[in-house]
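In mature numbering (1 follows the signal peptide of the UniProt record, and there is no 0), the protein residues as written are -16 to -1, 1 to 311.
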């Protein structure tokens, strides 16, 4: 009995050992397959694709980076322009003439006439100076109120200080450097002073012996008495008076019918701008129709940037009648 029990026990042990071997063998291949490649993982050259993907992402970023660089490159060219601008600025500037040409449109002249006609008529009654002459001289001397002497000093007739003047003044280069010109607080004062100026000076006395509606005689007499040095002054004044029919205000004051005057052939057509030489204060430019910052800068041998800086301009927009510093 004991032998039978011992035999069964040994048999059971043998069977148990036999069944455990496959389990061991099964475990080994599993262990060998995954564990051995571990060293290969570190040497795997194909780990680079991950890096390539990263590089690719970086590459896609480059165009925007390049674009940004291109933009900054285009901005970087600005200093070159400024350098050339600086070179231009170093060149000697053009000497500004005592007068500048102001283009005045018909609308501007008509507005000037409408604004000051009553003052001219009143001065004709008070002082005996034809209203046509007062208005004509105002238009001619001030560029219909757009010249710098009229806009900054309210001086519409280019009257200089002279010895008796004790009021405010402005100076600019005319016949000589730094001449003194009268400054008024209001244009009305300029008109009155113009009348007083003519009445109080002996050299103009002969004019007051003419008929009050003799605008041609007055125009020639003003030149002969030394009011203006331009040989064409009488012709310019007469042309203005006839072109805008300023003689009708003389007729209104005198209670006469308005004369029918045929405009001479040399007169400027009404729809074209009239060009007047007017006085400028210092080195300044009055903006006229057709002016641009480029054309003004070119005229005075300046750069546009320099012109804008001198006048505190942030934009390129300018308006007719605007005064710009160009020195």
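Yeah, the Cβ is synthetic: ideal placement off N, Cα and C, and Gly gets one too.
Count the CB pairs spanning the segment 128 to 144 and the segment 158 to 173 that are closer than 8 Å, and state whether there are at least three.
-> yes
Label residue 94 either buried or exposed according to how many other C-beta atoms from any shown protein chain fall within 10 Å of its C-beta, with 16 as the threshold for buried.
-> exposed
So residue 90 is in the beta strand (DSSP E); what residue range does that whole segment cover?
-> Segment 90 to 111 is the alpha helix (DSSP H) holding residue 90; no beta strand (DSSP E) there.
Which two residues bound the contiguous beta strand (DSSP E) that contains residue 269?
-> 268 to 270
Terminal residues of the continuous alpha helix (DSSP H) containing residue 308?
-> Run containing residue 308: none in the alpha helix (DSSP H); it sits in the beta strand (DSSP E), 307 to 309.
Considering only residues of the same chain and omitting the five flanking positions on each side of residue 128, which have a CB-CB separation below 6 Å?
-> 88, 92, 93, 96
Kindly indicate the opening and closing residues of the alpha helix (DSSP H) around residue 233.
-> 231 to 238
Near residue 110, what residues of its chain come up, given a Cβ to Cβ distance below 8 Å and the 5 sequence neighbours on each side ignored?
-> 179
For residue 186, count neighbouring Cβ atoms within 10 angstroms of its own Cβ and tell me buried if that reaches 16, exposed if not.
-> exposed
DSSP-derived helix/strand/coil call for residue 141 | coil
Tell me whether residue 155 sits in a helix, a strand or coil according to DSSP, three-state version.
-> strand
Expected contact under 8 Å - CB spacing of residue 234 and residue 114 to nearest Å | 5 Å
Taking buried to mean at least 16 other C-beta atoms within 10 Å of its own C-beta, is residue 210 buried or exposed?
-> exposed
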